[in-house]
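> Before anything else, here's the structure in question.
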Amino acid sequence: MRKYLTLLCVAMALSCFAASDDDIKLWSDGPLSWSDFHQLLPPTSSEASQLEVELSATPIENGVNANSTVSLEARAMMHRNASKTSAAQSTPERLRYHQLQFDLLELMRRNLQEEINSGIDGATVEKRLKYYQDLYRQRVRQIAQETKNGSLEAAVESWEDNIESQLLAAGTPQVPQVTAMQGCYGVYAGVGYDSPTGSLRDNFGGSFMFHVGLTGGYKRLRVKADVAFGQPSYRNDNIFNIAPDSEGRPLQGNNSSSATHIMASVQLGYTIVNHGRLSITPNVGGFYNRYGWDIANYSWDKDDEGRDVRSITSVEKRNLHNFSFIASIDFDINLNSGVTNTSLTGATHRERWTSSLRITPWLAHSKFNKCDPTVSGMHIGINISYLGLARLLRL
Numbered sequence: 049m050r051k052y053l054t055l056l057c058v059a060m061a062l063s064c065f066a067a068s069d070d071d072i073k074l075w076s077d078g079p080l081s082w083s084d085f086h087q088l089l090p091p092t093s094s095e096a097s098q099l100e101v102e103l104s105a106t107p108i109e110n111g112v113n114a115n116s117t118v119s120l121e122a123r124a125m126m127h128r129n130a131s132k133t134s135a136a137q138s139t140p141e142r143l144r145y146h147q148l149q150f151d152l153l154e155l156m157r158r159n160l161q162e163e164i165n166s167g168i169d170g171a172t173v174e175k176r177l178k179y180y181q182d183l184y185r186q187r188v189r190q191i192a193q194e195t196k197n198g199s200l201e202a203a204v205e206s207w208e209d210n211i212e213s214q215l216l217a218a219g220t221p222q223v224p225q226v227t228a229m230q231g232c233y234g235v236y237a238g239v240g241y242d243s244p245t246g247s248l249r250d251n252f253g254g255s256f257m258f259h260v261g262l263t264g265g266y267k268r269l270r271v272k273a274d275v276a277f278g279q280p281s282y283r284n285d286n287i288f289n290i291a292p293d294s295e296g297r298p299l300q301g302n303n304s305s306s307a308t309h310i311m312a313s314v315q316l317g318y319t320i321v322n323h324g325r326l327s328i329t330p331n332v333g334g335f336y337n338r339y340g341w342d343i344a345n346y347s348w349d350k351d352d353e354g355r356d357v358r359s360i361t362s363v364e365k366r367n368l369h370n371f372s373f374i375a376s377i378d379f380d381i382n383l384n385s386g387v388t389n390t391s392l393t394g395a396t397h398r399e400r401w402t403s404s405l406r407i408t409p410w411l412a413h414s415k416f417n418k419c420d421p422t423v424s425g426m427h428i429g430i431n432i433s434y435l436g437l438a439r440l441l442r443l
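Quick note on this note's numbering: the sequence shown kicks off at 49 and runs consecutively.
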C-alpha cells in the first residue's frame with residue numbers, strides 16, 4: 049500500500065509541474081489555437097474571450113560558478129491558464145484577432161531585444177521594457193477601436209499586413225550568451241568560534257566571534273580583509289606580574305571577568321577548486337590580535353579587628369596586541385545566483401550576484417612579550433558566513 053501511495057504522490061507532483069510548465073506559450077511555439085485558452089467563461093459573461101500575455105526581459109542563467117552564462121532575452125509570452133474563451137465565441141475570426149495581438153507583442157519583443165543587444169545597461173533595459181509594454185497596450189486599444197474588436201475584416205487584414213512587414217524588417221534578433229567578467233568583489237559576514245592554545249588559554253578563554261569582511265579577486269586569485277569581535281573570559285589577575293606591597297597583598301586585579309577581543313586580517317588566496325556549486329580557496333596573510341580589559345588599582349587598610357580591607361582607588365584600561373600570521377581555507381557553497389539591474393556600488397550596469405554559505409577553518413599565532421612570563425599560543429577557529437559576490441556582465 050505504501051508503494052502505491054508513493055507512486056500516487058510522485059504522479060501528482062509531476063502533473064502539477066507539467067501544468068505549471070504548460071501555462072507559458074511563446075510566440076515562437078507557433079500560432080494560437082483555442083486549446084491554448086484554458087479558462088472557460090460562463091454563458092452569462094459579457095466578454096467574448098480574453099488573451100493574457102506578458103512582455104518580459106528577465107536574464108536567464110545557465111550553469112553555476114565558473115561555467116555559468118547568462119541569456120539577456122526578451123520574451124513574448126501567452127499565459128494559457130489566465131486566457132479565457134467561451135464556446136459560443138470560439139470563432140476563427142475571434143482567434144485571428146487574438147493572433148494579431150500576439151504578433152504585435154512579438155514585434156515589441158524583437159525591438160526590445162535589438163536594444164538589449166546594443167549593450168544598454170540594466171536600468172535602461174527596465175525603462176525600455178516599460179516603454180514597450182505601454183506602447184503595446186496603446187496599440188492594442190487602437191486595434192480594438194479600428195477593427196471593432198476584430199469584427200471588421202478589412203481593418204484586421206490591414207493591421208496584419210502592417211505588423212507582418214515590420215516583423216520581416218526586424219528579423220529575428222539573436223539572444224546573446226553573456227559570461228561574467230573575470231574580476232569579482234563582495235562582502236561577507238557571520239559568526240565563528242576562537243579557541244586559544246598554549247599559555248594563551250591559561251589567560252584567555254575561547255569565545256564566539258562576530259565578523260564582517262570585504263573580498264575581491266581576479267580569475268582564481270582572491271584577497272580578503274575582515275575584522276572580528278568577541279568577549280572571552282579573562283583568567284589572570286596579574287598578567288603583567290605587578291609586585292605586591294610589603295605585606296604580599298596584590299596592588300592590581302581584574303575589574304571584570306571578561307575581556308574584549310578584536311582580530312583583523314588581510315589574506316591572499318588562490319581558488320584550487322571551482323566546480324559546480326563548490327569552490328575551495330586556501331589563504332595566507334597578516335593577522336592583528338588585540339585583547340583589552342579593565343584593571344583595578346587597590347589600596348589596603350585594617351579594620352577594627354585588624355583584618356585587611358581592600359578598596360579600589362582607580363580603574364585603568366590595559367591591552368595586549370601583536371601582529372602575526374594567519375592561514376585559512378574558504379569552502380564556499382553556492383546557494384543561489386541571479387542577475388541584478390544595477391551594481392552593488394550603485395552603477396547602472398548589470399552584475400551576476402551569487403549568494404554562498406562560507407565555512408572557514410583558520411589558524412593564527414599570537415605572542416605577547418610584555419607579559420611576565422611571555423604569553424603565546426595558537427588560535428584555532430572556524431567561521432560560518434554569508435558571502436555575496438558580484439561579477440560585472442557586459443555584452
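For every residue, glycine included, the Cβ atom is placed at its ideal position computed from N, Cα and C.
1. Helix or strand or just coil, what does DSSP make of His146?
2. Is it buried or exposed, His369, if we count other Cβ atoms within 10 angstroms and call 16 or more buried?
3. Nearest to Ala276 by CA position, among Ser294, Ser243 and Gly238, is which residue?
4. Starting from the C-beta of His413, find all residues in its chain whose C-beta is less than 7 Å away, skip the five residues before and the five after it, and write them out in chain order.
5. DSSP three-state call for Ser306: helix, strand or coil?
6. Going by other Cβ atoms of all chains shown within 10 Å of its Cβ, with 16 needed for buried, is Phe258 buried or exposed?
7. Taking only three categories from DSSP, how would you classify Asp349?
8. Would you mind giving the Cβ-Cβ distance between Ser134 and Ser94, rounded to the nearest angstrom? I have them listed as a contact below 8 Å.
9. State the Cα-Cα distance for the pair Lys178 and Ala122, rounded to the nearest angstrom.
10. Quick check on the DSSP output: the beta strand (DSSP E) that includes Glu364 runs from which residue to which?
11. When DSSP labels each residue in this structure, what does Glu205 get in the three-state scheme?
12. Apart from the five residues just before and just after Ser305, which ones in its own chain have a Cβ nearer than 7 Å to its Cβ?
13. On the DSSP bridge list, what partners appear for Gly231?
14. Threshold first: 3 residues or longer. Then list the beta strand (DSSP E) segments lying entirely within the stretch 106 to 181, N to C.
15. Check this for me: beta carbons of His127 and Glu102, under 9 Å apart or not?
16. Below 7 Å CB to CB, which residues in the same chain sit around Ile290 once its five sequence neighbours on both sides are set aside?
17. Ends of the alpha helix (DSSP H) at Ser247?
18. Just how far apart, CA to CA, sit Tyr346 and Gly354?
19. Run the CB neighbour count on Arg189, radius 10 Å, all protein chains shown included, and call it buried at 16 or more, exposed below.
20. Taking its Cβ as the centre, do 16 or more other Cβ atoms sit within 10 Å of Leu56, making it buried, or is it exposed?
21. With DSSP as the reference, label Glu399 as helix, strand or coil.
22. Evaluate the contact criterion for the stretch 187 to 205 versus the stretch 136 to 153: three or more CB pairs, one atom per stretch, below 8 Å.
23. Between which residues of its own chain and Gln225 is the CB-CB distance below 7 Å, once the five residues before and five after are set aside?
24. What's the gap between the Cα of Leu152 and the Cα of Val387?
25. Start and end of the beta strand (DSSP E) containing Lys196?
26. Where Asp169 and Ile287 are concerned, what is the direct C-alpha to C-alpha distance, given to the nearest angstrom?
27. For Val271, which residues in the same chain have their Cβ closer than 8 Å to its Cβ, ignoring the five residues on either side in sequence?
28. Please check the pair Tyr145 and Gly198, which I expect to be a contact at CB under 8 Å, by giving their CB distance rounded to whole angstroms.
29. With DSSP collapsed to three states, give me the class of Ser94.
30. Can you list, in chain order, the residues of its chain whose CB lies under 6 Å from that of Asp349, leaving out five sequence neighbours each side?
31. Return yes when the Cβ of Ile343 is within less than 9 Å of the Cβ of Asn303, no when it is not.
32. Using 9 Å as the threshold, is the C-beta distance between Leu183 and Met156 below it?
33. In or out: Gly261 buried (at least 16 other Cβ within 10 Å) or exposed?
34. Measuring straight from C-alpha to C-alpha, what distance separates Gly78 and Glu212?
35. Beta carbon of Ser403, beta carbon of Asn331: below 9 Å?
36. Going by Cα to Cα distance, which pick from Arg439, Leu440 and Ile428 is closest to Gly246?
The relevant details are as follows:
1. By one-based count along the sequence shown, residue 146 stands at place 98. His146: helix per DSSP, three-state reduction.
2. Residue 369 sits at position 321 when you count from the first residue of the sequence shown. His369 comes out exposed.
3. By 1-based counting over the sequence shown, the position of residue 276 is 228. Nearest option by C-alpha distance: Gly238.
4. Working through the sequence shown from its first residue, we reach residue 413 at position 365. Ser372, Phe373 and Met426, listed in sequence order.
5. Position 258 of the sequence shown, counting from 1, holds the residue named residue 306. Strand at Ser306.
6. As a first step, residue 258 must be located in the sequence shown, where it is residue number 210. With fewer than 16 other Cβ atoms within 10 Å, it is exposed.
7. Residue 349 sits at position 301 when you count from the first residue of the sequence shown. Three-state DSSP puts Asp349 in a strand.
8. Here residue 134 refers to the residue found at position 86 when the sequence shown is read from its first residue. Here residue 94 refers to the residue found at position 46 when the sequence shown is read from its first residue. The Cβ separation is near 10 Å, so there is no contact.
9. Position 130 of the sequence shown holds residue 178. Position 74 of the sequence shown holds residue 122. Spanning the two alpha carbons is a distance of roughly 12 Å.
10. Counted from its first residue, the sequence shown places residue 364 at position 316. Element bounds for Glu364: Asp356 to Thr388.
11. Within the sequence shown, the letter at position 157 stands for residue 205. Looking at Glu205 - three-state DSSP - the assignment turns out to be helix.
12. One-based indexing of the sequence shown puts residue 305 at position 257. Contacts found: Ser281 and Tyr282.
13. Start at 1 with the first residue of the sequence shown, and residue 231 comes out as number 183. Answer is Tyr266.
14. 108 to 110, 117 to 119 and 123 to 127
15. Within the sequence shown, numbered from 1, the residue matching residue 127 stands at position 79. Within the sequence shown, numbered from 1, the residue matching residue 102 stands at position 54. Cβ atoms of His127 and Glu102: closer than 9 Å.
16. Taking the first residue of the sequence shown as 1, we reach residue 290 at position 242. Within the same chain, Ile290 has close Cβ partners Leu299 and Gln300.
17. Counting from one through the sequence shown, the residue named residue 247 turns up at place 199. Counting along the chain, the alpha helix (DSSP H) containing Ser247 begins and ends at Gly246 to Asn251.
18. Residue numbering aside, residue 346 sits at position 298 when the sequence shown is read from its first letter. Residue numbering aside, residue 354 sits at position 306 when the sequence shown is read from its first letter. Cα to Cα, Tyr346 sits roughly 18 Å from Gly354.
19. For the purposes of this step, residue 189 is taken as residue 141 along the sequence shown, with counting starting at 1. When all chains shown are included, Arg189 counts as exposed.
20. Residue numbering aside, residue 56 sits at position 8 when the sequence shown is read from its first letter. Per-residue confidence for Leu56 stands at a pLDDT of 35, beneath the threshold of 50, marking its modelled position as unreliable; the derived number appears in the next sentence. Under this definition Leu56 is an exposed residue.
21. Taking the first residue of the sequence shown as position 1, residue 399 is located at position 351. Glu399: strand per DSSP, three-state reduction.
22. yes
23. Taking the sequence shown and counting its residues from 1, one reaches residue 225 at position 177. Result list for Gln225: Thr117 and Ser119, in chain order.
24. Taking the first residue of the sequence shown as position 1, residue 152 is located at position 104. Taking the first residue of the sequence shown as position 1, residue 387 is located at position 339. About 28 Å.
25. Numbered from its first residue, the sequence shown carries residue 196 at position 148. Run containing Lys196: none; DSSP gives neither H nor E here.
26. Locating residue 169 in the sequence shown gives position 121, counting from the first residue. Locating residue 287 in the sequence shown gives position 239, counting from the first residue. C-alpha separation (whole angstroms): 60 Å.
27. Taking the sequence shown and counting its residues from 1, one reaches residue 271 at position 223. Once the five neighbours on either side are set aside, the close Cβ partners of Val271 are Thr263, Gly264, Gly265, Val314, Gln315, Leu316 and Gly317.
28. The residue labelled residue 145 in the question sits at position 97 within the sequence shown. The residue labelled residue 198 in the question sits at position 150 within the sequence shown. Contact flag correct, Cβ pair sits at about 3 Å.
29. On the sequence shown, residue 94 is found 46 positions in, with the first residue counted as 1. If DSSP states are grouped into helix, strand and coil, Ser94 belongs with coil.
30. Locating residue 349 in the sequence shown gives position 301, counting from the first residue. The answer, listed in chain order, is Val357.
31. In the sequence shown, residue 303 corresponds to position 255, counting from 1. In the sequence shown, residue 343 corresponds to position 295, counting from 1. Yes, these two residues count as a Cβ contact at 9 Å.
32. In the sequence shown, counting from the first residue as 1, residue 183 sits at position 135. In the sequence shown, counting from the first residue as 1, residue 156 sits at position 108. In this structure, Met156 lies closer than 9 Å to Leu183 by Cβ.
33. Counting from 1 along the sequence shown, the entry for residue 261 is found at position 213. Burial call: buried.
34. Walking along the sequence shown from the start, residue 78 turns up at place 30. Walking along the sequence shown from the start, residue 212 turns up at place 164. Straight-line Cα distance between these residues: approximately 15 Å.
35. Position 355 of the sequence shown, counted from the start, is the residue given in the question as residue 403. Position 283 of the sequence shown, counted from the start, is the residue given in the question as residue 331. Against a cut-off of 9 Å, the Cβ pair of Asn331 and Ser403 comes out as no contact.
36. Taking the sequence shown and counting its residues from 1, one reaches residue 246 at position 198. Comparing Cα positions, the closest option is Ile428.
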